[in-house]
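Numbering (the working numbering), first residue to last: -1 to 378. The beta-carbon is built from N, C-alpha and C at its ideal position, and this holds for glycine as well. Read through the structure below, which is laid out as structure tokens, and then see the notes.
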Ligand SMILES: [Zn+2]
């Protein structure tokens, strides 16, 4: 199977040989670090080691992609924040100080942003990986603008400002989007086949869904428009209340967790006539525990319900066994060997399935230009 073509077809909504088992979210595992000698923190700062770790899930577990980088502090660091890379394999870098803390109006993008911090290391790693593995999809990643803003001004302060001064928040989110667009433009030159934009802080429990359009719709669209490659938006948690928004922003994919019903997401995608493909959503918990039977069942279920790219529901925890990722890839193979794709085709064709949720109209909506909005609940 041509992995690059197969993934490109999945993103284009075309027929695929098999649904790709390419990881869109980060998959940097401790077992991979041990096998390659590329542990944390060196693999955050050394391009060769970043590639060695990034390729390990492909090399040892058959995952149909190479993913890098492995942390969400790169853009904040390049904007002038201090980052503690930490010294253990299971820990990811942390932002320890920011020049913008508690100061929304001070957020600015420095002129040398792209040459700061570890951004050049990521660019170098992308080039090395592309040359070393010309036949394997390379998946890059960066933070989303609202999450970046929370990192640099402090998330509690940002939440307070959302209530008291949403206009200033809007301006600052757009400045952070400018930073993300700089990174995206750099990736445009690097021949990546996919990219994950991690935007955990726009989850409904942090950003109220009724503020989605007003605060983040425009900056998120700007970023999707700037990407010449397949860009995927990833949001953590239960994103069911914001599916109508996230599937309507022009992203090539939306990556979501196992608490979201793929069938429900597919129905919304269909209603919106969206070209955003569904990505995920095997539970990180099953992967981390190495619960092989659950991984197999969840993979089958996601495939039945129309997932377009099969992978983990969120970043794969470093302590996950490589074998768990291998089981996910093999479950996808077994699904086809058993001819179960017929179920998938039937469901995809007839989006007349009786949805497994009840439509409940929202009681109030302060919708400036929001489309008609319905809250959907999953029937237990
Ligand atoms: Zn997540």
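| Query | Result |
| --- | --- |
| Which residues in the same chain as residue 105 place their Cβ atom closer than 6 Å to its Cβ, once the five residues preceding and following it in sequence are excluded? | 98, 170, 173 |
| In angstroms, rounded to a whole number, what distance separates the CA positions of residue 112 and residue 346? | 42 Å |
| Closer than 5 Å between the C-beta and any heavy atom of ligand 1: which residues qualify, listed along the chain? | 234, 312 |
| Once DSSP output is grouped into helix, strand and coil, what is the label at residue 178? | helix |
| Taking all protein chains shown into account, decide if residue 240 is buried (16 or more other Cβ within 10 angstroms of its Cβ) or exposed. | buried |
| Which value, in whole angstroms, describes the spacing of the CA atoms of residue 356 and residue 244? | With a pLDDT of 39 at residue 356, under the threshold of 50, the predicted position of this residue should be treated as unreliable, and no value is reported. |
| Mapping DSSP to helix, strand and coil, what is residue 141? | strand |
| Could you check the C-alpha separation between residue 7 and residue 250 for me, to the nearest Å? | 11 Å |
| Round the Cβ separation of residue 330 and residue 301 to the nearest angstrom and send it over; I've been treating them as touching at under 8 Å. | 7 Å |
| Look up residue 196 in the DSSP assignment and say whether it is helix, strand or coil. | strand |
| Alpha carbon to alpha carbon, how far is residue 12 from residue 38? Give it in angstroms, no decimals. | 38 Å |
| Where does residue 114 sit, in a helix, a strand or coil, going by DSSP? | coil |
| Between residue 261 and residue 237, what straight-line distance do the alpha-carbon atoms span, to the nearest angstrom? | 14 Å |
| Please classify residue 108: is it buried, with 16 or more other beta-carbons within 10 angstroms of its beta-carbon, or exposed? | exposed |
| State whether the stretch 57 to 65 contacts the stretch 14 to 26, with contact taken as three or more CB pairs (one from each stretch) at a distance under 8 Å. | yes |
| Return the CA-CA distance between residue 155 and residue 254, expressed in angstroms with no decimal places. | 26 Å |
| Might you give, ordered along the chain, the residues of its own chain that have their beta carbon closer than 6 Å to the beta carbon of residue 220, omitting 5 neighbours on each side? | 175 |
| If residue 68 sits next to residue 41, beta carbons under 8 Å apart, how far is it from one beta carbon to the other, in whole angstroms? | 7 Å |
| Note down the Cα distance separating residue 203 from residue 190, rounded to an integer number of angstroms. | 32 Å |
| Am I right that residue 227 and residue 185 are in contact with their C-beta atoms under 8 Å? What's the rounded C-beta distance? | 6 Å |
| Is it a yes or a no for the stretch 120 to 133 touching the stretch 43 to 62, going by three-plus beta-carbon pairs under 8 Å? | yes |
| Please list the terminal residues of the continuous alpha helix (DSSP H) segment that includes residue 59. | 54 to 59 |
| Could you spell out where the alpha helix (DSSP H) holding residue 92 opens and where it closes? | Premise fails: residue 92 lies in the beta strand (DSSP E), 92 to 95, not in any alpha helix (DSSP H). |
| Give, in chain order, every unbroken run of the beta strand (DSSP E) that is at least 3 residues long and sits entirely within the stretch 216 to 302. | 229 to 232, 251 to 253, 275 to 280 |
| Using the DSSP secondary-structure output, state which residues sit across from residue 386 in a beta bridge. | Past the boundaries of the shown model lies residue 386; the chain is included only from -1 to 378, so the question cannot be answered. |
| Quick one: any contact between the stretch 74 to 81 and the stretch 333 to 345, if contact means 3 or more CB pairs under 8 Å? | no |
| Kindly indicate which residue of 149, 131, 134, 336 has the alpha-carbon position closest to the one of residue 91. | 149 |
| To the nearest angstrom, how far is it from the Cα of residue 247 to the Cα of residue 197? | 13 Å |
| Report the residue from 26, 25, 3 whose alpha carbon sits nearest the alpha carbon of residue 16. | 3 |
| Alpha carbon to alpha carbon, how far is residue 318 from residue 27? | 6 Å |
| For residue 272, collect the residues of the same chain with a Cβ closer than 7 Å to its Cβ; drop the 5 residues on either side in sequence, then sort them by chain order. | 245, 246 |
| From this set, 215, 100, 211, 141, which residue's C-alpha is nearest residue 158's C-alpha? | 100 |
| Leaving out five residues on either side along the sequence, give the residues of the same chain with a beta carbon under 8 Å from the beta carbon of residue 153. | 199, 204 |
| Hey, would you say residue 178 sits closer than 8 Å to residue 146, going by beta carbons? | yes |
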